[in-house]
Amino acid sequence: MYDYLVVGAGLFGSVFARQASQKGKSCLVIDKRNHIGGNVYTKNIEGINVHAYGAHIFHTNDEEVWKFMNSFARFNRYTNSPIAVYGDEIYNLPFNMNTFSKLWNIKTPSEAKAIIEKQRLDAGITDPVNLEEQAISLVGTDVYKKLIEGYTTKQWGKPPRELPAFIIKRLPVRYTYDNNYFNDDYQGIPIGGYTKIFEKLLEDCEVRLNTDFYDNREELSSYAHQIIFTGTIDRYFDYCFGKLEYRSLRFETEILNIENYQGNAVVNYTCADVPYTRIIEHKHFEFGTQPHTVITREYSADFSQNGDPYYPINDDKNNELYNRYKVLAANEKNVIFGGRLGMYRYLDMHVVIREALDLASKIIQ
Ligand code: FAD
Ligand code: UDP
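The end of the sequence shown is residue 986 by our numbering, with every number in the run present.
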């Protein structure tokens, strides 16, 4: 018997398992994939740490979480500053004075504010109710048309008018010349990749890969006093209220015999007619100097056609459905649901770590 069966060797499961094993508890950690780390997994390809499930930049304001992560790896000074390509034009992200001055040939914050305010008034938006209206009221129609509309439609498979406003509020809007994508106090990439962190988190646990909970549900459940479940919550309950919707992704990775392909780790393609959303050049996360490079094109994809679940679609319909599953989850004896899939929330890494640390200190004696 184990104290805990942890379903999913991603960030939530691994942080929880580490805290449990530190307190002398035994954990069996399973994952249906052939590696640990969940979506944060990095794979070394020809000396370059490739972010296998899309660019992962660690950022947080939570000092305890930052110290926790730094106890497993050294973090470099990487600051995320993506470039947006729209046709043959390029712009800095997030939306800031560099973006505005290039777009409108202006210099000062008051000029930018005046243009954005005029475009908001012209669009007649007072109380934004969807992503399109929220975006126009934050940055105006020009930025919306060039940098948001096409990208968002590709990313979510729906026009921005049909999407909740909160998605775009994740991005900072700044009236300073500052291309830092995040506002947090701490930011960086673990030198040597993320997977090493997971190896350390899980070093005192038994880990079984290529093991799907559903292939052997009853037997696996009987091995432990309590289950920490980080897979999709709707499947756990046999979709009894219906399926939660997700957005999926597809990645195409290529090794190129050139030193520097795009000069930046993340380049977003914001036109609707470019099929991918972004290209990641992995070496730039760690300031690599290899003679070759590895790039990944990221495509957004429909989840219903056998895709992996990446982004929960937190609109009203899905949130209501999730709340019904949450009631079942609260009554499920000896099972706790966590992480991006178990909680059906769009969570960054630092939030997942905080949730896992809090859960561990609450339930582990
Ligand atoms: P996951 O990483 O999804 O782990 C869940 C694990 O459970 C998976 O390994 C899965 O295989 C396993 N599992 C599921 N079902 C079963 C089953 N039935 N049996 C066995 N195993 C199962 N966050 C940031 O802070 N910064 C970023 O820059 C950032 N970029 C991102 C980019 C992309 C493209 C995506 C998709 C996410 C990004 N995130 C980022 C968020 C980050 O990926 C998550 O916060 C983190 O992965 C959540 O960890 P988790 O353990 O909840 O989920
Ligand atoms: N977004 C956009 N243009 C961009 C980058 C982002 O319109 O160049 C919008 C898009 O709707 C996206 C949201 O902002 O879903 C949040 O972007 P973020 O980069 O945080 O998304 P993630 O990295 O989590 O996919």
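Think of the CB as a built atom: it goes at the ideal place given N, C-alpha and C, for glycine as much as any other residue.
- Comparing alpha-carbon positions, the option among Leu962, Asn955, Ser921, Ile957 lying closest to asparagine 939 turns out to be Leu962.
- Between valine 915 and isoleucine 666 the beta-carbon gap is near 5 Å, inside 8 Å, which marks them as a contact.
- Using a C-beta cut-off of 8 Å, the segment 738 to 745 makes contact with the segment 753 to 762, since at least three inter-stretch Cβ pairs fall below that distance.
- Residue pairing from DSSP places serine 921 in a beta bridge opposite Leu870.
- Across the set Gly813, Val764, Glu840, the C-alpha of Val764 shows the shortest separation from the C-alpha of threonine 720.
- In the DSSP annotation of this structure, the continuous segment of the alpha helix (DSSP H) that includes histidine 971 starts and ends at 970 to 984.
- Contact residues of the ligand UDP (beta-carbon closer than 6 Å to any heavy atom; chain order) are Ala705, Leu714, Leu768, Ile769, Tyr772, Thr773, Gln776, Ile788, Ile789, Arg791, Leu792, Asn889, Thr891.
- Within the same chain, Cβ atoms closer than 8 Å to the Cβ of threonine 898 are found at Tyr772, Lys775, Gln776, Asn889, Tyr890, Glu919, Tyr920, Ser921, the five residues on either side in sequence being excluded.
- Residue state for valine 764 is assigned as helix, using DSSP reduced to three classes.
- Secondary structure within the segment 763 to 840: the beta strand (DSSP E) runs of 3 or more consecutive residues, fully enclosed, are 807 to 809, 827 to 829 (chain order).
- Distance from the CA atom of aspartate 833 to the CA atom of glycine 852, rounded to whole angstroms, is 10 Å.
- Relative to the Cα of tyrosine 802, the nearest Cα in the group Val948, Ala673, Ala886, Leu823 belongs to Ala886.
- Shortest gap from the CB of threonine 747 to any heavy atom of the ligand FAD: 7 Å or more.
- With 16 or more neighbouring CB atoms inside 10 Å of its own CB, arginine 639 falls in the buried class.
- Straight-line measurement puts the Cα of lysine 983 at about 47 Å from the Cα of valine 895.
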